[in-house]
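Q: The following block contains the structure, expressed as C-alpha cells.
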Amino acid sequence: MNWWLPPQASTFAPSIDLGFLVILIITGITFVLVEVGLIVFVIRYRQRPGQKAHYTHGSTPAEVIWTAIPAVTMVILGIVSNGLWVKIKGRNSVPANAYTIGVHAKQFEWWITYPGPDGKLGRTSTSLIQKTTNPTGLDPDDPASKDDIVVRNQLHVPAGRPVVVYLSSEDVIHSFYVPQFRVRQDVVPGLEIKAWFEATVPGQYELGCSMLCGMGHYKMRAQVFVHTQADFDAWVAQRASQAKGEGTS
Amino acid sequence: MSTVAAAAHTAHAHHDDRSFIRKYIFSTDHKIIGIQFLFLSLFFLLVGGILAMQIRWQLGFPGKPMPGGTLLPETMAPGGVILPEYYIQLVTMHGTFMVFFAIMLLLVGVYANFLIPLKIGAHDMAFPRINMASFWSAVASGIVMLASMYVPDGAARAGWTMYVPLSAREDLSGAALGQQLWSVSIILFGLSSVLGSLNYITTVINNRAPGMTWFRMPLSIWALFITAILGLLAVPVLAGAAIMLLFEQVLGTHFFDPASGGQALLWQHLFWFFGHPEVYILILPAMGMVSDMIANGSRKPIFGYHSMVFAICGIAFLGWIVWGHHMFVSGMNPTLGSSFMVSTLLIAVPSAIKVFNWMGTMWRGNLRFHVPMLNAIGFVAMFTIGGLSGIFMAATPVDMFIHDTYFIVAHIHYVLFGGSLFAIFGAIAYWFPKMFGRMMSERWGKVHFWLTMVFYNCTFFPMHIIGMAGHMRRLYDPTIYDFLKPVQPMNEFISWSAFALFASQAIFFVNFWWSMFKGEKAPLNPWEDNGLEWTLPSPAPHGNWETPPTVYRGPYEFSAPGVSEDYLPQTKKLPTDREPALTPAGGH
Amino acid sequence: MSQAMADAMSPPFPAERGLDVYNKKLGMWIFLASEVMFFGALIGSYVILRFGAPGEWARPGVVLNIKITAFNTFLLICSSVSMVKAYASIADGDPKKMKFWLLMTILGGACFVGIQVFEYIHLVERGFLPSGVREGSELAELVTAGTLPGATMGLYGSTFFTMTGFHGFHVTCGVLSMLYLYLTKALPGKFTTTDYAGIEVVGLYWHFVDLVWIILFTIVYLV
Amino acid sequence: MATTTHKHPPYVLIWVYLAVLTAAELGLAFELPISRNMKLLLLMILAIWKALLVALYFMHLKFERWNLRILAIVPIPLALILIAAGMSEHIW
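Chains as they are written, first to last, in the working numbering: chain A, 853 to 1101; chain B, 893 to 1480; chain C, 5 to 227; chain D, 3 to 94.
As C-alpha cells, then:
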C-alpha cells in the first residue's frame, strides 16, 4: 500500500502536500528531540545508589527559550497557512472562469447537475423535489434549467479548468470529499456552499461522503471522471442529446 | 462565634457511627464518593472497550461473522455479522461512553473528589450532600445511557457529536427513543457535572489548610481546579444544547431545522463551544497528576512550577476561543476559520512549556521507575505525539484534507488514550494505597504498562497512515472505496493490535481486584512523597484530619539541601519555617 | 455589613484565607456563573437564530400579551424587593418583618408562575405551540392574513417556549426553596442576626432569576 | 456587630427606579417615530440598566470584594464570544 498521501490530481494538492510536509518536518524534529531526550534521561538519570538529584526549581532563560521558539514557529505557520486557506476557501477565491456544477446530496447518493450549453445552472427549490422525477428540485419554469443535465453518482469535470461546485443537501449534513483533489467541504442543509478546485490529471477517482450521514454513510460514493476539455465537451454534448431524446420520446 | 461553629464541625472527625448504607452507598464522604466514581467509570471504560472491539472487528474483517456475535439480537448482528445500523450505534456509544462516562468521570469524578480535600488539607468537600447528589445523578445518567442501547430501535446513531439534523429527526437517523434517551442522559450528566464543579471550586477557594497558599498547591490540584472552572462554564452550554435537541425530537421545535429557518450549524457551535473546553477537561487533570508523579519519581522539584500553573491557565483560557477548529470545513465563515486557526496554533505554546518542563524535571534527577512514574513518562511520550499531530489539524489547508479521516481518530486517541488513560493508570497505582490501604503489584503493573505501550502504539500509530491515505471516519465498510482497498491489510493489523491491547487490560483488571483484597499492606508513605494526603493513615478516616494540618512549603521539595531524606513533607516544620498567618480573627 | 457576615458564617475549619465569603454564598455565586452560561446558550441561540432568520420576526404584541407580562415583570421586581427587605430585616434583627417579607416574596413568585401558566394555556388555545402555529387556529388565520410572518413562526414558538419555560422552571424552583426555608427555618425562628445564610443565598438566586427575566422580557416581548 | 445598625442601600428607591424603567420600556414597545435600530438600542440600554441595578444593589455586588465581582463577570464575555461567532455566520 501507499504510505504517503494519495496521488495529486488538482492544483491544490502540491501546496497542501507541501504544507503537510513542512509541518511533518517541524513536528518530526520536535518529536525526535522529545522522545530521544526522554530515553536519554531515563537511562542517564536512573536511580543509582549514592546519587542525589540536582535541586533546582527551574531556569527562566531555558523556559523563555522553549516558550518563544514554539510561539514564533506557530505564528509563522499560521500566517503562511492562512495565505493558502484564503486562496482555497476565501470568499472571493473562486476564479471568474470557473465551470459551474451543482452537487445535491441526499441520504445516500449524490446528484450532479451540469449546466448544459448555456453554462448556467437552473434555479432549484427544495419544495419541488420529487424522488424519481426531479431529484434535485430543478425549477422547470426557469429557462436556464431547460438544458441542465442531472446525473446520479457521477461527477465529470474537465482537467485544467477551475470548477466550482454549488453544494446543497436535502436532509442531513454530508461532506464532499475527493482525496486526490485534497478537497473537502461539508454539505449543510439550509446553506448553499461553494467549493472550487482545478483538476489536473485526467483519470477516474472517487467522491466520498466523509461526514456520518446515517446508516448508509459508507456507501455514499460517486465516481469522479476527469476528462480533457475536448472529451468533457463531447461527454456533455452526448448527455445533452441523450436527455433531449428522452424528453421528446 | 466562629469558634463555636468550628467546635461543632470538627467533632465528627473522631467517631464514626454511620450505618453501612450511609457509609458506603449514600455516602457524603468525598473519599467514598471518589471510590464509587472509580468503580462506575472503570465499568464504563470496560463497556466502551467492548464496543471498540466490535468496531475493530467490523473494520478489520468487514462482513465476516464476529466471534460471539451470534449472542447479539438479529436487529444488530444477524448470524454474527454486524449490520450498518448497529455499526453506527457502536461508533456513537463508544465515543459517548469513553468521553463522558469513562475518561471524564475517571479524571474529574474520581480524582477531583478523592484528591482535592486530601491534598489541600480539608475535612471534606464544601458541600458533601451536593457531592453525593452529583454522584447519583451521574449514575442515573449512566443508567439512562446504558438503557438506550436496549430499546427496540437501538441506541443513538449520529456519532458522539450528535450533529443535527441527523440526530434530531428519527426519519433520517432511524432511531427515536435511543436518540431521546441520549439527550436525557446528557442533561442529567450536565447536572452532575455542574454540581461536582461548584463543589470543587468552592472547596479549593475556601477550605485550604492554613499555610496552603495558592502557589503551594500541588499541580494536580491546580489542574483539577481549572478543570472544574471549565466544566462549570462549558457543561451548561451542552445541557442547553441537549435540551434544545430533546425538544426538537419530542416537541417538534425548529432550532436546527433548516426548512423552518433553523440552523444546522448552530448545534455545532454550541456543541464545540462546550466540546473544546471538554477536551481540556479530559487532559488537564491528567497533566496535573502526571506532574505530581514525575516530580516524585525524579526526586526533584517540578521544573518551573509557576510557568506550569500559568500554562494550565493559558490552555484553559485558549480553550474557549478555539472551538471553531472542529468546523473548518463545515461551511463556517472562512474568516472565522482564520482566527480560529491562529488561536489553535497558539495552544501549542503552553503545551510545549508543559512537555519541556516535565523533561526539565527529569533532567539530572534520580529517577525511580515505579509504576506511576513509568505511566507518567508514557504519558509525556504519547501526549507529545498527540499534541504534535494536532498541529496538522490546526493548519486549515492541511485540515481540509485530513479532517474526518483516521488521522483525527489517531490524534484523539493519542491524546485521550496515550495521554489521559496512561495518566489514569499511573494515578490509580499511585493513590491505590490511599484508597484501599494496599499496594498494587509492581511487577504486574510493569508488565501491564509495557504490553499496553506496545499494543497501543501498534493500534493507533498506523491510523495516522491510513488517515493520510484518506480513510474516512465512521465507515462501516471501507472496502467499498477502491482507493481504500489497499489499506485493508493495515486495518487488519490495527484490529489484531487492538484485540491484544484489550486483552492486556485483563492484567490491570486482575491486578486491581487482587490487590484490593490480597495486596501488600501499604506503608504510611509508600512513595516517599511530600503531599498532605500521606500524613494520614491509609485508608484515611472519615473527616480526614483530627487537627488541621499546617503547611510550610510547596509540594515538590525533593532532594532539598540540608535534609537527610530526599523528600520534605509539606507539613514538616523546619526550624527556619514560620507559622502561617491564620484567617485574621478581627475582621478583614 | 458583609464583613460582619463573613465572620459569622466563615468556614468552620481554620483555613487559609479564601475569598472571605462563606461557602454557601460562594457556592451560590459559582452556581449562578454556570446558570449564566446555561441561559447564555438559550438566549444566544435565540439571538443567532433571529439574526439569521429567513424573513421578518412577528411584531411584538401580536402573539404575546405585553400588558399582562408587563404586570408580571413588575410583580417579579416587587418580589425581588421584598426578598431584599426580608434579608435587611433579619440582618437588622427583626425576624417578624423578615417572615412577612419572605411570605410576600413567595406569594409574588407563585403569582408570577400562575400568570405564566395562564399565559401558556391562553397561547396554546390561540394556536401558539413550541413547533409553531397550529393548523386552523386563530393565529393560523393571522398568518394567512399576512399579519404574522409564516416563515419564522416556527422559530418564534421554539425559542419563546424554551426560554420562558426554563425561566419559569427556575422561578418554580425558587418558590419551592423559599417555601422550604419559610417552613423549616423562618417559622421555627432559626434565623438570627448572625445566621441567615439561607435567606441571603436563596435571595441571590432569586435576584438572578429576576435579572434573567428583565433580559427575557425585553428581548422576547418588546423587541 | 449586632448592636450596630446596618446601613442598607435604598431598596425602595431602586424599586421605584426599576418600575419607572419598566414603564419606559413598555412605552418603547408601541409604534414610535424612531427607527427600529434606535428602538432596539434604547431597549437594550434600559434592560442592561435594570439588570445592573438588580445585580449591584439587590445582589450586593456593589458592596462585595473585587474577586467575587470577577466571578460574576467572567462568564459574560464567554457567552458573548459564542453569540458573536454564531452571528458572524450571517455576515457572509
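Glycine is no exception: its CB is placed at the ideal position from the N, C-alpha and C atoms. Every value quoted in this text rests on a predicted model; they were computed, and no experiment measured them.
Quick one: Cα of T965(A) to Cα of I1001(A), how far?
A: Computed Cα separation, rounded: 5 Å.
Q: Expressed to the nearest angstrom, what Euclidean distance is found between the alpha-carbon atoms of M9(C) and E66(D)?
A: Unreliable positioning characterises M9(C) in this predicted model, as indicated by a pLDDT of 40, which lies under 50. A coordinate reading is not provided.
Q: Per DSSP, I94(C) is paired with what?
A: DSSP output for I94(C) lists no bridge partner at all.
Q: What's the C-alpha gap between M1331(B) and N1188(B)?
A: Cα to Cα, the separation comes out at about 17 Å.
Q: Below 8 Å between beta carbons: does that hold for L1019(A) and V955(A)?
A: Yes. Within cutoff.
Q: Along chain B, which residues have their Cβ under 7 Å away from the Cβ of A87(D)?
A: H1161, G1216 and L1228, listed in chain order.
Q: In this structure, how does DSSP classify E961(A) when only helix, strand and coil are distinguished?
A: Strand at E961(A).
Q: Can you give me the Cβ contacts of L146(C) inside the same chain, cut-off strictly under 6 Å, excluding the 5 residues immediately before and after it?
A: Answer for L146(C): L152, listed in chain order.
Q: Look at I70(C) and A31(D) and say whether their C-beta atoms are less than 8 Å apart.
A: Yes, these two residues count as a Cβ contact at 8 Å.
Q: Could you please tell me which residues of the region 31 to 44 of chain C, in chain order, have their CB closer than 8 Å to any CB of chain D?
A: Within the region 31 to 44 of chain C, the residues whose Cβ lies closer than 8 Å to some Cβ of chain D are W33, I34, L36, A37, S38, V40, M41 and G44, listed in chain order.
Q: Please classify V18(D) as buried or exposed, where buried requires at least 16 other C-beta atoms within 10 Å of its C-beta.
A: Per the 10 Å Cβ criterion, exposed.
Q: For chain C, check one thing: does any of its Cβ atoms lie closer than 8 Å to the Cβ of W68(D)?
A: No, its Cβ sits nowhere closer than 8 Å to a Cβ of chain C.
Q: Which residue wins for smallest C-alpha separation from F1209(B), given the options L1238(B), V1182(B) and F1220(B)?
A: Out of L1238(B), V1182(B) and F1220(B), L1238(B) has the C-alpha closest to the C-alpha of F1209(B).
Q: In chain B, what lies closer than 8 Å to S135(C) by C-beta?
A: Within chain B, the residues near S135(C) are L1143, G1144, T1145 and H1146.
Q: To which residues of the same chain is I925(B) closer than 7 Å at the C-beta, ignoring the five residues directly before and after it?
A: S919, N1005, N1023, M1024 and F1027, listed in sequence order.
Q: Which residues in the same chain have their Cβ closer than 7 Å to the Cβ of V1127(B), if we skip the five residues on either side of it in sequence?
A: If we look at V1127(B) and ignore the five residues flanking it on each side, its Cβ neighbours are G1082, S1085, V1086 and F1166.
Q: Buried or exposed: M945(B), going by 16 or more other Cβ atoms within 10 Å of its Cβ?
A: With 16 or more other Cβ atoms within 10 Å, it is buried.
Q: I'd like to know if H909(A) contacts chain B, where contact means its C-beta is closer than 8 Å to some C-beta of that chain.
A: It does: the Cβ of H909(A) has a partner Cβ on chain B nearer than 8 Å.
Q: If you compare alpha carbons, which of K9(D), A86(D), H10(D) and P11(D) is closest to V51(C)?
A: Comparing Cα-Cα distances from V51(C) to each of K9(D), A86(D), H10(D) and P11(D), the minimum goes to A86(D).
Q: Since P1264(B) and A1203(B) are thought to touch, with beta carbons under 8 Å apart, how far apart are those beta carbons, to the nearest angstrom?
A: That pair is no contact at about 22 Å.
Q: Evaluate G29(D) with the Cβ neighbour count: other Cβ atoms within 10 Å of its Cβ, from every protein chain shown; 16 or more gives buried, anything less gives exposed.
A: By the 10 Å Cβ count, G29(D) comes out exposed.
Q: If we ignore side chains and look at the alpha-carbon of each, how far apart do V179(C) and G1329(B) end up?
A: Taking the straight line from one Cα to the other gives about 47 Å.
Q: Got a sec: is the Cβ-Cβ distance from L46(C) to anything in chain B below 8 Å?
A: Yes, L46(C) lies at the interface with chain B (some Cβ there is under 8 Å from its Cβ).
Q: Kindly list the residues whose CB is nearer than 6 Å to the CB of P1472(B), restricted to its own chain and excluding five residues on each side of it in sequence; keep chain order.
A: So the qualifying residues of the chain are P1102 and G1103.
Q: Just to confirm, is the Cβ distance from A1133(B) to A45(C) under 8 Å?
A: Result yes, Cβ atoms of A1133(B) and A45(C) sit closer than 8 Å.
Q: With a threshold of 6 Å on Cβ separation, who are the neighbours of Y160(C) within its own chain once the five nearest residues in sequence on each side are excluded?
A: Cβ neighbours of Y160(C) beyond the five flanking positions: A62.
Q: When you compare only the Cα positions, how much space is there between R21(C) and L36(C)?
A: Rounded to whole angstroms, R21(C) to L36(C) spans 23 Å at the Cα level.
Q: Residues of chain B with CB closer than 7 Å to the CB of N1005(A), please, in chain order.
A: Neighbours of N1005(A) on chain B: none; closest Cβ ~12 Å, over 7 Å.
Q: Suppose the cutoff is 6 Å on Cβ atoms and the five residues either side in sequence are ignored; what does the same chain contact list for M1489(B) look like?
A: No answer is possible for residue 1489(B): the residues shown for chain B start at 893 and end at 1480.
Q: For A1131(B), would you say it is in contact with chain C, using Cβ-to-Cβ distances shorter than 8 Å as the test?
A: With 8 Å as the cut-off, A1131(B) counts as an interface residue toward chain C.
Q: Between which two residues does the beta strand (DSSP E) harbouring D1038(A) extend?
A: Here the beta strand (DSSP E) through D1038(A) covers V1035 to V1039.
Q: With a Cβ-Cβ cutoff of 8 Å, do T1253(B) and I1194(B) count as a contact?
A: The answer is yes: Cβ separation under 8 Å.
Q: How many whole angstroms separate the CB atoms of G1311(B) and F1271(B), which I take to be in contact at a CB cut-off of 8 Å?
A: 6 Å between Cβ atoms; contact.
Q: Please decide whether T902(B) counts as near chain D, where near means a Cβ-Cβ distance under 8 Å.
A: A caution first: T902(B) carries a pLDDT of 42, below 50, which makes its placement in the model unreliable, though a value can still be read off. It does not: the Cβ of T902(B) has no partner Cβ on chain D nearer than 8 Å.
Q: Cβ of T912(A) versus every heavy atom of the ligand NAP: is any distance shorter than 7 Å?
A: For the ligand NAP, the structure offers nothing, since it holds no ligand at all.
Q: Sort E1062(B), W1074(B) and T1095(B) by Cα distance to V25(C) and report the nearest one.
A: Out of E1062(B), W1074(B) and T1095(B), T1095(B) has the C-alpha closest to the C-alpha of V25(C).
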